[in-house]
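Q: In this note's numbering, the protein residues as written are 339 to 413. Backbone N, C-alpha and C fix where the C-beta goes; we use that ideal spot for every residue, glycine too.
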Amino acid sequence: MPTAVLTDRERTAVQAYLRLLQTVRAAFDGPPDGGGPVLVPPLVLAEAEQAMADAGLVGNEDAFFRLLHTWCPRP
């Protein structure tokens, strides 16, 4: 499998996306007490958006998901 060498900004974007994904998954799981929905903190979303912008990946989802797949392939 070819290995991609990510720039610091690309790596930051991938890491921010993975944190966002983890937060969204936790939100869909809901609170353990069955209360109202858990919201994704705006800071987490803003971090991912800024990291994507800094890496030049805004509006270029195909390139981003190729990077994500190369850096963090599914088992």
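Cα separation between R357 and A364?
A: Sequence index remark: in the sequence shown, residue 357 carries index 19 (1-based). Sequence index remark: in the sequence shown, residue 364 carries index 26 (1-based). Approximately 11 Å, taken between the alpha carbons.
Q: Let me know the secondary structure DSSP gives V362 once reduced to three states.
A: Taking the first residue of the sequence shown as position 1, residue 362 is located at position 24. The answer is helix: DSSP assigns V362 an H, G or I state.
Q: Below 8 Å CB to CB, which residues in the same chain sit around R347 once its five sequence neighbours on both sides are set aside?
A: If you number the sequence shown from 1, residue 347 lands on position 9. Cβ neighbours of R347 beyond the five flanking positions: A389, D392, A393 and G394.
Q: Need the endpoints of the alpha helix (DSSP H) that P380 sits in, please.
A: Taking the first residue of the sequence shown as 1, we reach residue 380 at position 42. P380 -> alpha helix (DSSP H) spans P380 to D392.
Q: Tell whether a beta-carbon distance below 8 Å holds between V378 and T361.
A: Against the sequence shown, residue 378 aligns to sequence position 40. Against the sequence shown, residue 361 aligns to sequence position 23. It is a contact, given that the beta carbons lie within the stated cut-off.
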